[in-house]
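Residue numbers (the numbering used here): 847 to 1001.
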């Protein structure tokens, strides 16, 4: 099973995250471990509307879009969730693009929690989709606990 607890623990340990690390350091560490170029883009609402759904990685490039108007704590969650996908080897995220106001939609919040029913058009019975999101979310929660509250606007 992909969301095996041991796999999440192993990935977290490979990352060697230190308590109080910055978002930038975490992204750099993920980049070094995976060989992927990780870019965090803080977007204005107009740019946000043009974000392609689901695509996280293309080739050796990862683009993590965050909406600048969302609360900082939510932007941090989006970044750690997407970095977790990268560490897990996932090229897609069924909840991309993630925006704070989408938490109010039950199907979207279920996907964010890794229990299926996201807005991807995939049936909740698509086991791999549910497992990918659950695995990423478990690792994201571990990562979030080690990242200090970001002081920069792009976090």
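Heads up, the beta-carbon is just placed ideally off N, CA and C, and yes, glycines get one too.
Just so it is clear, the structure is predicted and the values come from calculations on it, not from any experiment.
Between the alpha carbons of residue i and residue j, how many angstroms are there, rounded?
i: residue 978; j: residue 909; result: 18 Å
i: residue 907; j: residue 980; result: 23 Å
i: residue 949; j: residue 939; result: 16 Å
i: residue 919; j: residue 860; result: 25 Å
i: residue 889; j: residue 914; result: 5 Å
i: residue 866; j: residue 856; result: 20 Å
i: residue 872; j: residue 864; result: 9 Å
i: residue 900; j: residue 993; result: 25 Å
i: residue 862; j: residue 882; result: 17 Å
i: residue 880; j: residue 854; result: 15 Å
i: residue 884; j: residue 987; result: 19 Å
i: residue 946; j: residue 917; result: 7 Å
i: residue 930; j: residue 858; result: 9 Å
State the DSSP-derived secondary structure class of residue i, mapped to helix, strand or coil.
i: residue 904; result: strand
i: residue 982; result: helix
i: residue 889; result: strand
i: residue 941; result: coil
i: residue 876; result: helix
i: residue 883; result: strand
i: residue 993; result: strand
i: residue 975; result: helix
i: residue 912; result: strand
i: residue 849; result: Only weak support exists for where residue 849 lies, its pLDDT of 44 falling under 50; the value from the coordinates is given anyway. Residue 849 falls in the coil class under three-state DSSP.
By alpha-carbon positions, which one of the options ends up nearest to residue i?
i: residue 876; options: 983, 932, 892, 943; result: 932
i: residue 887; options: 865, 863, 944; result: 944
i: residue 941; options: 917, 934, 891, 976; result: 976
Residue i and residue j look like a contact to me (Cβ under 8 Å); what is the Cβ gap, rounded to whole Å?
i: residue 911; j: residue 897; result: 5 Å
i: residue 936; j: residue 985; result: That pair is no contact at about 11 Å.
i: residue 990; j: residue 923; result: 7 Å
If we count the other Cβ atoms within 10 Å of its Cβ and call it buried at 16 or more, is residue i buried or exposed?
i: residue 851; result: exposed
i: residue 895; result: exposed
i: residue 828; result: Residue 828 lies beyond the stretch modelled for the chain, which goes from 847 to 1001, so this question has no answer here.
i: residue 982; result: buried
For the ligand ADP, is there any heavy atom lying closer than 6 Å to the beta carbon of residue i?
i: residue 893; result: Ligands in the displayed structure: none, and consequently the ligand ADP is not present.
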